[in-house]
Amino acid sequence: MDLRDFVDTLLRFESVERAEEPAQTWVKNRLGEFGFDTYEWTADPQQLAEHPSFPDDPSDIATRGRPSVAGVFEFGDPEAGPTLVLNGHVDVVPADAELWTHDPFLPRWDDEAGTVTGRGAADMKSGLATCVFAALDVREAVESGDLDLDGRLVVESVVGEEEGGIGAAAAALDNPYPFERDAALVAEPTRLQPILATEGSVMKRLRLTGRTAHAASRWRGVDVLPKFEAIRRAFFELEAERCETVTHPLYDHPIPWPVCVGRVEAGSWASTVAGTLTAEWRLGVAPGESVTEVEQQFEERLAEVVADDEWLSEHPPTFERFSIQFEAAEVSPDEPVVEAVQSALRAADLDDDPAGATYGADSRHYVHAGIPTVLFGPGDIDQAHFPDETIAWDEVETARDVIGDAARRFLQSK
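Just so we're aligned, residue 1246 is where the sequence shown starts under the numbering used here, counting upward by one.
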């Protein structure tokens, strides 16, 4: 089985939330056939509930039947060298088939354009596959006598990344291996650019209460929509202020710390004044900030709006966390794993300039566990979660070569 066959088969698994097990069984079997020593672990919901990224109630965290798997190669004297983890997630977001030009889980190869389209092509089954085949390339070089190494190379296929990083968090909190890990590379779609910082986010649910009234006498009601618009305006003003005052050398994005109100539900009937409203927000957290710190800023801005409105003062809104939270994370450019990736990029005559990402990733779990981690992989994050999700195949093959070279360089660094 070659890289293309591996990606083609993996894309055919509809490994959405809580349905990753068939894909993971297949991945583990392939790793075993390739000669890896295989490992498997399932997250403990009670342990995750104590982690700030996840809901406090263990019953809200689905882990049963959702194994994460890994394969390990040991070279020379493994205790004398470092251990590098190559990580990817097998889970994908659902695909609305009506928005696709073909079945999202039947990959479409366009050899003329040099692309493959399918759910997970960019985010991030191709990246996961590059980790597997980069490790195979390193082993081949060692077995042929072209490379002399001590250490270990681990390839992880984890679950639940789209739900806060269930598999990666479990591995970071409770090491599933009988050895320590020195560094990691997560092969998210970074357009072959090393990402050293990832943004955090806090998810908040806003609830407003007004007073219903018949549309024919709407002046008797209190419409929640103008109240919400005042809060929305205040939050986006705060977003603009934060983008001016909170700076980071790796971020030159138009909106580095974005605020998004992704869901709004109001009212109950077309001819009734809207008396209730629920809005769900995602608030960006810069590297160097904490989720709690940013949360407090928005709570204070909400309090200012409430104080200026008589109705809201008497009927205060609620603004509570829900779902998952992402702490920001950052790795030093001086870490050996970063230097290994940049050296491999230069050797391939590619740009090695680092950047920051306005999204969160599983890398944060390893960073916060004391494992220096860099994001690097094929594909564009702009394709993630999109209809007709597509990746350029030559970028996948380049990522394989660069990751393999970076792994060799890292394992030779100690």
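Built from N, CA and C at the ideal position, the CB exists for glycine as well.
Taking the Cα positions, Ala-1629 is about 14 Å away from Ala-1602. Beyond the five residues adjoining it in sequence on each side, Gln-1291 comes within less than 7 Å, by CB distance, of Pro-1303 in the same chain, given in chain order. Under DSSP, Thr-1523 shares a beta bridge with Arg-1452, Glu-1510. Residues Phe-1320, Leu-1394 of the same chain have their beta carbon placed closer than 6 Å to that of Val-1387, with the five preceding and five following residues left out of the count. Here Ser-1516 is exposed. Its C-beta has fewer than 16 other C-beta atoms within 10 Å. Taken in chain order, the whole beta strand (DSSP E) runs of length 3 or more contained in the stretch 1394-1445 are 1396-1403, 1428-1431, 1440-1443.
For the beta strand (DSSP E) assignment, the stretch 1283-1309 encloses no uninterrupted run of at least 3 residues. Judged by DSSP in its simplified three-state form, His-1459 adopts strand.
Contact annotation: Pro-1439 and Gly-1624 have beta-carbon atoms that are not nearer than 8 Å. Here Thr-1328 is buried, its C-beta having at least 16 other C-beta atoms within 10 Å. If you check the CB distance, Leu-1528 and Lys-1472 do not come in under 8 Å.
By the CB criterion at 8 Å, Ala-1288 and Ala-1414 fall inside the cutoff.
With respect to the C-alpha of Glu-1408, the residue from Ser-1446, Arg-1249, Phe-1543, Leu-1451 having the closest C-alpha is Ser-1446.
Here DSSP, grouped into helix, strand and coil, assigns Gly-1316 to strand. By the C-beta density criterion, Arg-1645 is buried, having at least 16 other C-beta atoms within 10 angstroms. With a minimum length of 4 residues, the unbroken runs of alpha helix (DSSP H) contained wholly in the stretch 1545-1590 fall at 1555-1559.
Linking Pro-1578 to Leu-1495 through their CA atoms gives a straight-line distance of about 11 Å.
Its Cα nearest to that of Leu-1351, the residue Ala-1366 stands out among Ala-1380, Ala-1366, Cys-1376, Asp-1596. Following the DSSP letters along the chain, one finds Ile-1636 in no alpha helix (DSSP H) but inside the beta strand (DSSP E) bounded by residues 1635-1637. With a cut-off of 8 Å on Cβ pairs, the stretch 1327-1341 is in contact with the stretch 1643-1659, counting three or more such pairs. For Trp-1271, the enclosing alpha helix (DSSP H) begins and ends at 1266-1279. Three or more beta-carbon pairs separated by less than 8 Å link the stretch 1488-1504 to the stretch 1587-1607, which places the two stretches in contact.
DSSP places Arg-1384 in the helix class (H, G or I) of the three-state scheme.
Of all C-beta pairs linking the stretch 1553-1571 to the stretch 1450-1460, three or more are shorter than 8 Å, placing the two stretches in contact. Beta-bridge partners of Cys-1505 (DSSP): Arg-1527. Under DSSP, Gly-1601 shares a beta bridge with Ala-1442. Take the alpha-carbon of Phe-1299 and the one of Thr-1454: they are about 28 Å apart.
The Cβ neighbour count for Gly-1372, taken over all protein chains shown within 10 Å, is at least 16; the residue is labelled buried.
Pro-1312 is a Cβ neighbour of Glu-1266, given a cutoff of 8 Å. Of the other Cβ atoms in all chains shown, fewer than 16 fall within 10 Å of the Cβ of Trp-1464; this residue is therefore exposed. By the CB criterion at 8 Å, Leu-1595 and Leu-1437 fall inside the cutoff. Assignment of Trp-1464 by DSSP, reduced to helix, strand and coil, places it in the helix class. About 6 Å separates the Cβ atoms of Ala-1606 and Leu-1620, confirming a contact at the 8 Å cut-off. According to DSSP, Gly-1333 shares a beta bridge with Ser-1402. Nearest neighbour of Glu-1525 by Cα position, chosen from Ser-1535, Gly-1280, Ser-1513, Phe-1480, turns out to be Phe-1480.
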